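Scroll down for the structure; my scribbles are underneath it.
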Amino acid sequence: MNMQNQKKLFQLGHVPMVRNLPCKSTWERIQSNVDFEPSKEGFSLYFTYTFPEEFSSSTEFAFTYPWTYEDDQTFFARLQELYSKHPSIYFHREVLCYSLGGNNVDLITISGQNGFKKEKEKRFNCRIFDNKIPRCAAFNKKVILLSARVHPGETPGSLVLLGLVRFLLSNDKNAARLRKEFVFKIVPMLNPDGILVGNYRMDCLGSNLNRVYNNPDPLIHPSIYSVKSLAIYHHIANSSLSKLSVSKLLNKVFPQYQDDNEMDEFLQSSDDLNHPELLTISSNESGIAFYIDFHGHVSKRGCFLYGNYFKDEKTQVLKYYSNYRLITCCWQNLYQ
-14 MNMQNQKKLF QLGHVPMVRN LPCKSTWERI QSNVDFEPSK EGFSLYFTYT
36 FPEEFSSSTE FAFTYPWTYE DDQTFFARLQ ELYSKHPSIY FHREVLCYSL
86 GGNNVDLITI SGQNGFKKEK EKRFNCRIFD NKIPRCAAFN KKVILLSARV
136 HPGETPGSLV LLGLVRFLLS NDKNAARLRK EFVFKIVPML NPDGILVGNY
186 RMDCLGSNLN RVYNNPDPLI HPSIYSVKSL AIYHHIANSS LSKLSVSKLL
236 NKVFPQYQDD NEMDEFLQSS DDLNHPELLT ISSNESGIAF YIDFHGHVSK
286 RGCFLYGNYF KDEKTQVLKY YSNYRLITCC WQNLYQ
């Protein structure tokens, strides 16, 4: 569903994937020329494939290498087992919210075993977090927020994010330094419903969730409302403002936020997330160092970054990223 005319990709030689179960579980590219043409419904794709002789086998086709909701849940459950009691790495997994289809929208917290506050993070918004799962530790560090799969069909976004997660959990000295200096908040799947029903860009209601960040409806767009709430909370709570200023602003944005378990759901609205005083916190004061959202692209090739424009050359971080030679990095192959 929601397939687009991927003309440029197929012109560049892209072909679908195939696998046969149970005899061959790995995905391979179809060994056939691919042709396509526009139609009234969208476009038609043509290729030749010879099915195996075993009648008991099941043949599956995919647009590209899949990364399913089940894959994601299994992957992070395994990491939870491995790192939840690690001596030098802080790892915490919880449910940020539930999708309209009742599926988990996970929140992963990764950092070093340093810079803790005395208390855990608050349940600052009654619409998000599962009350049965303990909140993560609170840190005196800036936050780097990462998310992926707001568009279900863009699986390269997941694969790059997974490579980054593996790097952050590694023994690499640069990973250790990042864990020491920052808290990583990771939302690996923003649109699990769209992924489960096989959509390319939309959620289960046919909405493009990447277009609702300005005013997400907590009832219709729970994942976007929740990740925006999360970003705003850390923009304030992890900022360099005084404790009194932080408390006052959090109470304005998240009414009754001090009361973890007795917040009135009717007092919460997405309008609070656009409070004008949020703009009074400068980028240097903000508790958010970066927010990186991982996507796939049908026109541009390779890896690239879109980012904010800064007049001050010292803050032009993307300038230095563009000069970074990935070939010299031991993490260049994200699939190993």
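Residue numbers (this note's numbering): -14 to 321.
A virtual CB, placed ideally from N, CA and C, is assigned to each residue, including glycine.
Predicted model, so just to flag it, every value in this text is computed and none were measured.
* To do: Count the other C-beta atoms from every protein chain shown that fall within 10 angstroms of the C-beta of residue 188, then say buried if there are 16 or more, exposed otherwise.
  => buried
* To do: Check the DSSP bridge columns for residue 94 and list the partner residues they point to.
  => Paired residue(s): 77, 170.
* DSSP bridge partner residues for residue 106 (one or two, in chain order) -> According to DSSP, which records beta bridges pairwise, residue 106 is partnered with nothing at all.
* To do: Determine the direct distance from the alpha carbon of residue 0 to that of residue 31, and round the result to whole angstroms.
  => 10 angstroms
* What are the partner residues of residue 20, as DSSP defines its beta bridges? -> 31
* Asked: Looking only at its own chain, which residues have a Cβ that is under 7 angstroms from the Cβ of residue 49, when we skip the five neighbours before and after it?
  -> Only 2, 140 meet the Cβ criterion.
* Roughly how many angstroms separate the alpha carbons of residue 320 and residue 130, rounded to a whole number? -> With a pLDDT of 36 at residue 320, under the threshold of 50, the modelled position of that residue is not reliable, and the figure given next carries that caveat. C-alpha separation (whole angstroms): 22 angstroms.
* Asked: Regarding residue 210 and the ligand FAD, is the C-beta to nearest heavy atom distance less than 7 angstroms?
  -> Of the ligands one can find in the structure shown there are none, so the ligand FAD has no counterpart to examine.
* To do: Would you check if the distance between the CB atom of residue 152 and the CB atom of residue 124 is smaller than 8 angstroms?
  => No, Cβ-Cβ distance for residue 152 and residue 124 is not below 8 angstroms.
* Asked: Given residue 61, which residues of its chain have a CB within under 8 angstroms of its CB, disregarding the five upstream and five downstream residues?
  -> 78, 91, 93, 173
* Asked: At what residues does the alpha helix (DSSP H) containing residue 61 begin and finish?
  -> 54 to 68
* Cut-off 8 angstroms between Cβ atoms - residues of its own chain near residue 257, not counting five sequence neighbours on either side -> Cβ-Cβ distances below 8 angstroms link residue 257 to 237, 238, 239, 240 in the same chain, with the five nearest sequence neighbours on each side left out; the list follows chain order.
* Contacting residues, own chain, Cβ-Cβ under 6 angstroms from residue 177 (five flanking each side not counted) -> 54, 84, 88
* To do: Give me whichever residues DSSP pairs with residue -7 in a beta bridge.
  => Looking at the DSSP assignment, residue -7 forms no beta bridge with any residue, so it has no partner.
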